[in-house]
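What follows is a short report on a single structure.
Protein chains: 2
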Amino acid sequence: MQIAIVLYDRFTALDAVGPYETLGRLPGARTVFVAEEAGPVRSDTGSLALTADRALADVPSPDIVVVPGGPGPLPLAPDGPLLSWLRTADATSTWTTSVCTGSLLLAAAGLLRDRRATSHWLALEELARHGAEPTGERVVTDGKYVTAAGVSAGIDMGLTLLGRIAGDDHARIVQLATEYDPQPPYDAGSPEKAPAHLVDLLRTHAGLILT
Amino acid sequence: MQIAIVLYDRFTALDAVGPYETLGRLPGARTVFVAEEAGPVRSDTGSLALTADRALADVPSPDIVVVPGGPGPLPLAPDGPLLSWLRTADATSTWTTSVCTGSLLLAAAGLLRDRRATSHWLALEELARHGAEPTGERVVTDGKYVTAAGVSAGIDMGLTLLGRIAGDDHARIVQLATEYDPQPPYDAGSPEKAPAHLVDLLRTHAGLILT
Chain A
1 MQIAIVLYDR
11 FTALDAVGPY
21 ETLGRLPGAR
31 TVFVAEEAGP
41 VRSDTGSLAL
51 TADRALADVP
61 SPDIVVVPGG
71 PGPLPLAPDG
81 PLLSWLRTAD
91 ATSTWTTSVC
101 TGSLLLAAAG
111 LLRDRRATSH
121 WLALEELARH
131 GAEPTGERVV
141 TDGKYVTAAG
151 VSAGIDMGLT
161 LLGRIAGDDH
171 ARIVQLATEY
181 DPQPPYDAGS
191 PEKAPAHLVD
201 LLRTHAGLIL
211 T
Chain B
1001 MQIAIVLYDR
1011 FTALDAVGPY
1021 ETLGRLPGAR
1031 TVFVAEEAGP
1041 VRSDTGSLAL
1051 TADRALADVP
1061 SPDIVVVPGG
1071 PGPLPLAPDG
1081 PLLSWLRTAD
1091 ATSTWTTSVC
1101 TGSLLLAAAG
1111 LLRDRRATSH
1121 WLALEELARH
1131 GAEPTGERVV
1141 TDGKYVTAAG
1151 VSAGIDMGLT
1161 LLGRIAGDDH
1171 ARIVQLATEY
1181 DPQPPYDAGS
1191 PEKAPAHLVD
1201 LLRTHAGLIL
1211 T
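Structure below.
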């Protein structure tokens, strides 16, 4: 089984690495990082590059597709290389998945029409504009499409799908191996839980605050 | 302020990317990935490479040092380039931190003698053999040394230290931006919580199961 994790300029690194570290531990699977061209691809902060070992064109039919998000601008050109590849790869994939605003890319490719899906909480309205039915859930499965909420939700998505494919005990082993027993020092991980003034601040000034 | 995240052959990617995505959002900080030589460095699975933008020798005095772990063999040579660099960098650092078995590297460099520290649950005894005082806590601060438990604990460590340096509200904003509201599909993230037969399995066959 082949897992293709898609990289593009200014992706968010944890979006990609969360599923890599969990779902990627699927027995017998080979994970390959892909991008329009093979080589290093810079993440949103500019201070980290992950290597795409293969070009999109060289990985035409992965079993599982994983699309991370990013703070934008996303490569949303309808006939651009990424969305074209997503449509082709999705035609034969067993699972097509995303983390964060990666779901906007799936939706812009026309793959989430009328499907329940999720995204980063700041992007749910845009997901609706692309024809999906956004939910506020952390991991959403609709048919073969599995979408996760923002950034860190890719870990939960990866474990969820891993359990679905390889069985609960294998997913538990990977959870134990990655010591995923989260103990956040604050309780501010969703707009429902964070102080309202911080939610407003992020809604209006995300770019300024985080980069 | 400069944050140096250390890479070496067969490191665990999430160990590095968790702190990068949280602590790295420290206002005004520049994060740099470093390794013995600049260039791509392969993680433990072999299917992912992160780019070290600078060589260790070119980053002699970062303010914050972050050392990820890996399933081994770790570069523990006492006079090897990594441990020598760690001792030098630590002499002027404000914070010296680790994730997972990264604490074994700090300890082998002689930096955790008689200090409270943590590591991956499978490595706590080895941490003691290196002269540290292991605890089962997820994030341990002793003076300027901040160590985290296995793999995913680097996210909690990153947020904890971010709050300490930049204030609670900034850490909450980063938690909200990364939507770190964990909802693991299983409750098996520590040896106390996971089924005993899975703990035993991982204790005896970690290498076989996970790679």
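Protein chains in written order, with our numbering: chain A, 1 to 211; chain B, 1001 to 1211. Don't be surprised by glycine CBs; every beta carbon is placed ideally from N, CA and C.
Alpha-carbon spacing of Val-66(A) relative to Asp-1114(B), whole angstroms: 44 Å
Local conformation of Ser-1043(B) per DSSP, three classes: strand
Beta-bridge partners of Asp-142(A), as assigned by DSSP: Answer is Tyr-145(A).
Ser-1119(B) versus Ala-1107(B): straight-line alpha-carbon distance, rounded: 11 Å
Nonlocal neighbours in the same chain, by C-beta distance under 7 Å from Glu-126(A), ignoring five residues either side: Leu-104
Own chain, CB closer than 7 Å to Leu-1074(B), minus 5 neighbours either side, in chain order: Thr-1101, Leu-1104 and Leu-1105
Chain A within 8 Å of Ala-1177(B), Cβ atoms only: yes
Within 8 Å, strictly: CB atoms of Leu-14(A) and Val-146(A): no
The beta strand (DSSP E) enclosing Trp-1095(B), as first and last residue numbers: Per DSSP, Trp-1095(B) is one residue of the beta strand (DSSP E) stretching across 1095-1099.
CB contact check: Lys-193(A) to chain B, cutoff 8 Å: yes
Where the beta strand (DSSP E) containing Arg-1030(B) begins and where it ends: 1030-1035
Inter-residue spacing [alpha-carbon to alpha-carbon] between Gln-175(A) and Gly-70(A): Going by the C-alpha atoms only, they are around 25 Å apart.
Buried versus exposed call for Glu-21(A) [16 or more other C-beta atoms within 10 Å across all chains shown]: buried
Cβ shell of Met-1157(B) (< 7 Å), same chain only, five flanking positions each side left out: These residues qualify, in order along the chain: Pro-1019, Thr-1097, Val-1099, Val-1139, Val-1146 and Ala-1148.
Chain-ordered neighbours of Leu-14(A) on chain B, where CB pairs are closer than 9 Å: Leu-1014, Val-1017, Gly-1018, Tyr-1020, Glu-1021, Thr-1022, Ile-1155 and Thr-1178
Ordered list of alpha helix (DSSP H) runs contained in the segment 1046-1122 of chain B, each at least 4 residues: Within the segment 1046-1122 of chain B, the complete alpha helix (DSSP H) segments at least 4 residues long are 1081-1092 and 1102-1108, listed from N- to C-terminus.
Spatially closest choice to Ser-1043(B) from Lys-144(A), Asp-58(A), Gly-24(A) and Ala-117(A), by CA coordinates: Gly-24(A)
DSSP-derived helix/strand/coil call for Gln-1002(B): strand
Outcome for Asp-1200(B) when other beta-carbon atoms lying within 10 angstroms are tallied against a minimum of 16: exposed
DSSP state of Pro-19(A) mapped onto helix, strand, coil: helix
Minimum Cβ-Cβ distance from Arg-1138(B) to chain A less than 8 Å: yes
Proximal residues to Ser-47(A) (C-beta, below 6 Å), its chain only, five neighbours per side dropped: none
is_contact[Arg-1172(B), chain A] using C-beta, thresh 8 Å: True, the Cβ-Cβ gap to chain A drops below 8 Å.
Cross-chain neighbours of Tyr-1186(B) in chain A, by beta carbon under 8 Å: Leu-159, Gly-163, Asp-168, Ala-171, Arg-172 and Gln-175
Cutoff 8 Å: Asp-1200(B) Cβ touching any chain D Cβ: Protein chains in the displayed structure are A and B, and chain D is not among them.
Minimum C-alpha distance to Pro-1062(B) - residue among Thr-1160(B), Ala-1049(B) and Met-1001(B): Met-1001(B)
Uninterrupted alpha helix (DSSP H) stretches inside the segment 143-210 of chain A (no shorter than 4 residues): 153-166, 168-177 and 196-210
Any chain A beta carbon closer than 8 Å to Gly-1070(B): no
Burial state of Pro-1068(B), where buried means 16 or more other Cβ atoms lie within 10 Å: Taking a 10 Å sphere around the C-beta of Pro-1068(B), we find 16 or more other C-beta atoms and assign the residue as buried.
Residue range of the alpha helix (DSSP H) that includes Glu-1126(B): 1124-1129
Glu-133(A) - partner residues in DSSP beta bridges: Arg-116(A)
Beta-carbon neighbours of Thr-51(A), restricted to chain B and to distances below 8 Å: Pro-1040, Leu-1048, Ala-1049, Leu-1050 and Thr-1051
Local Cβ density within 10 Å of Ala-57(A), reported as buried at 16 or more and exposed below that: exposed
CA nearest to the CA of Gly-131(A), picked from Leu-122(A), Gly-110(A) and Thr-141(A): Gly-110(A)
is_contact[Ser-1103(B), chain A] using C-beta, thresh 8 Å: At a cut-off of 8 Å between beta carbons, Ser-1103(B) makes no contact with chain A.
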